[in-house]
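Residue numbers (the UniProt record's numbering): 1 to 532. To start, the structure under review is shown below, and the notes come after it.
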């Protein structure tokens, strides 16, 4: 899965440039034949506005949210995009400046105000962004664009109109939730976020939003906290981007990347600090794994520990014969990977991009096995008896269980990231295939498939082409796990015409089935979903 292509022309810079929204859907030119059964919408979120007037956004996760939609029907395809009209976006457009602090860009008081007004503005407290550029997911019969704060934004998946902002703090005890909920077949939504626990210590709450009630009322109003997990540090919660879920358990991986709450609450409101300024690394804690049962929802006191790594995306977790198998996209070490995702770094010439990636934490796809019976072997002996993995777990004299992983894929500066599986059939179950976006020194330049059992790999790649996270869509009525297609938005900036396209691949071998080309550049997108 290692990239064989270099990018000296720097075409990737185009996916980090501002674009305009569209007034109406535009038709795509289809090359190949789209399967007759593939009828629906690919919805994607990402940044589309990288500066406001003369004020730039500095980090990859700062640009204002742009929602994209490829509609597929009867072999025809259209493309549409609109900015999500969040408070952050509307106020920035109105005042022609950055008004609300984003992930790596601080907002400052209006320079047109006098010095006294500006001084008091600094002390008005933290105004949390609602810039929902990360993902979109269903809640009941509605759809919400999200980031990682307490705000989610209801959108119309057909017109892409912004409908309303929802503050989850009105319903739940959380400071924010991830952009990667787990959704069961009946529509139940699970998520995780940090919160204030006992004695004002920080903790993590796993929350549940039920399916749409019979009376069709808003399921968010019936949200509840299921179980609380402790934090390794009282006032410094770890950064959480996703979590794992099996049929009977929740899996939370607590990494050494910490949010300094004191700095968040003080320096921000006084000095114009941004989110990135509030992160720090605990160089001694390593990484902790936490487990909780789903029903009844209870925390399990086992102390699973391993070496330090960054984690953004879980691939899948499942139970097997008394063990919980957890597959992850990790980055080695305690330094925060997001330090390398400033736009200035990503827009550098190719040789400079490669040099920066040499200094960054290195990616690795890993499998960890967590034994539920931690006392079945004496101290110092491997507790894992599954025949198909080399991962180990050993009880130590201090009562902790030390985990060592099996490496499923590793390539220097070559990441398998933004993972997807056949979610509807194999989420939380023993599975074989994962699909991902290949990052070449942080630049997305290929689509990958990994057999997690045999470690066989497949790759789709073309020169000067920059794809997005591949979304798996299963063939109706199929039985095989990989019987379906992958959908990805690809940008080829050097194309004379139609530089952006929707790519449709056969999920079995990553051969191309069709592409639907449009005459516009499409900026980078992070996550999304297929809506039948």
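C-beta atoms are modelled at their ideal positions from N, C-alpha and C, and glycine is treated no differently.
Item: Own chain, CB closer than 7 angstroms to residue 134, minus 5 neighbours either side, in chain order; Value: 45, 146, 147, 148, 179, 526, 527
Item: Residue 419 burial status per 10 Å Cβ neighbour count (16 or more: buried); Value: buried
Item: Sequence-distant residues of its chain with Cβ nearer than 8 angstroms to residue 286 (five each side left out); Value: 256, 305, 306, 307, 308
Item: Candidates 175, 482, 299, 335, of which the one nearest residue 357 by Cα; Value: 335
Item: Residue 301: first and last residue of the uninterrupted beta strand (DSSP E) it sits in; Value: 297-306
Item: Spatial distance of residue 28 from residue 489 (CA atoms); Value: 13 angstroms
Item: Where residue 117 sits in the DSSP three-state scheme; Value: Because the pLDDT of residue 117 is 40, which lies under 50, any placement of that residue in the model is unreliable, and the number read from its coordinates should be weighed accordingly. Three-state DSSP puts residue 117 in a helix.
Item: Alpha-carbon to alpha-carbon, residue 338 and residue 311; Value: 11 angstroms
Item: Helix, strand or coil at residue 94 [DSSP, three-state]; Value: helix
Item: Nearest-angstrom beta carbon gap, residue 367 and residue 389 [assumed within contact, 8 angstroms]; Value: 6 angstroms
Item: Segment contact, 8 angstroms Cβ cut-off, at least three pairs: the stretch 312-326 with the stretch 342-356; Value: no
Item: Exposed unless 16 or more other CB atoms sit within 10 angstroms - verdict on residue 242; Value: buried
Item: Coil, strand or helix - residue 403 by DSSP; Value: strand
Item: Same chain only: Cβ atoms within 8 angstroms of residue 399, ignoring 5 sequence neighbours per side; Value: 303
Item: Three-state secondary structure (DSSP) of residue 89; Value: helix
Item: Residue from 26, 8, 12, 1 with nearest C-alpha to residue 517; Value: 26
Item: Where residue 484 sits in the DSSP three-state scheme; Value: strand
Item: Local conformation of residue 170 per DSSP, three classes; Value: helix
Item: Run of the beta strand (DSSP E) containing residue 83, from where it starts to where it stops; Value: 76-83
Item: 8 angstroms Cβ cutoff met for residue 55 and residue 90; Value: no
Item: Contact check, residue 240 vs residue 190, beta carbons under 8 angstroms; Value: no
Item: Endpoints, the alpha helix (DSSP H) within which residue 359 is located; Value: 350-359
Item: Where the alpha helix (DSSP H) containing residue 345 begins and where it ends; Value: 343-346
Item: Residue range of the alpha helix (DSSP H) that includes residue 425; Value: 423-426
Item: Nearest-angstrom Cβ-Cβ length linking residue 370 and residue 289, presumed shorter than 8 angstroms; Value: 6 angstroms
Item: Range of the contiguous alpha helix (DSSP H) that encloses residue 43; Value: Looking at the DSSP string, residue 43 is not in any alpha helix (DSSP H); the run it does join, the beta strand (DSSP E), is 40-49.
Item: C-alpha distance - residue 523 paired with residue 138, whole-angstrom precision; Value: 24 angstroms
Item: Same chain, Cβ closer than 7 angstroms to residue 428, five either side skipped, listed in chain order; Value: 245, 246, 247, 317, 318
Item: C-beta atoms of residue 132 and residue 150 nearer than 8 angstroms; Value: no
Item: Contact set for residue 116: own chain, Cβ-Cβ below 8 angstroms, skip 5 residues either direction; Value: At residue 116, the pLDDT of 41 sits below 50, so the modelled position is not reliable; the number obtained from the coordinates is stated separately. Excluding residues within five positions, none has a Cβ falling inside 8 angstroms.
Item: The alpha helix (DSSP H) enclosing residue 383, as first and last residue numbers; Value: Here residue 383 belongs to no alpha helix (DSSP H), and DSSP marks it neither H nor E.
Item: Best match in 129, 185, 173, 158 for proximity to residue 140 [C-alpha to C-alpha]; Value: 185
Item: Which residues DSSP lists as bridging residue 512, in chain order; Value: 505
Item: 8 angstroms Cβ cutoff met for residue 38 and residue 69; Value: no
Item: Classification of residue 597 by the beta-carbon crowding that lies within 10 angstroms, buried from 16 upward; Value: Residue 597 lies beyond the range of the chain shown here (1 to 532); nothing can be said about it.
Item: Reduced DSSP category for residue 107 - H, G, I as helix; E, B as strand; rest coil; Value: coil
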